[in-house]
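In my numbering, the protein residues as written are 2 to 111.
Below is one structure, written out as structure tokens; comments come after it.
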């Protein structure tokens with residue numbers, strides 16, 4: 002996911018900041034590994050272990066990602082033990098979702 006070749010033209014995050022954002026996602030997946038499911042070909046559902054400040058961290062990351070990559074849709078579902086994060090894209094960006102799903106499994110989600 003850090004390879005700039007997969008990043009669509011519609012992403013407005015400056016190129017120099019992209020590795021830092023990828024590292025934030027990777028850290029979240031590694032530290033809060035839970036489960037991964039695919040409710041549809043254009044949807045990814047993650048369950049992340051809850052904890053102090055985790056929901057706020059997820060919401061902050063989602064807000065920043067939405068700001069530069071408007072093709073993503075995010076839904077955060079709070080919980081006491083698990084935080085749900087659903088990520089969606091349109092058909093044009095299906096490959097981006099696939100790259101993100103592959104990244105989550107490397108980070109420990111299953």
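Glycine included, every Cβ here is placed at the ideal spot set by N, Cα and C.
Check                                                                                                                                                                     : Outcome
If I measure Cβ to Cβ from residue 63 and keep anything under 8 Å in the same chain, skipping five residues before and after, which residues do I get?                    : 75, 77, 86
Do residue 36 and residue 147 have their beta-carbon atoms positioned less than 8 Å apart in this structure?                                                              : Only positions 2 to 111 of the chain appear in the structure, and residue 147 is not among them; the question remains open.
Spatial neighbours of residue 126 within its chain, please: CB distance less than 8 Å, with the 5 preceding and 5 following residues excluded, ordered by chain position. : Residue 126 lies beyond the stretch modelled for the chain, which goes from 2 to 111, so this question has no answer here.
In three-state DSSP terms, what is residue 40?                                                                                                                            : strand
Determine the direct distance from the alpha carbon of residue 98 to that of residue 51, and round the result to whole angstroms.                                         : 23 Å
Would you tell me roughly how many angstroms separate the C-alpha atoms of residue 94 and residue 102, rounded to the nearest one?                                        : 13 Å
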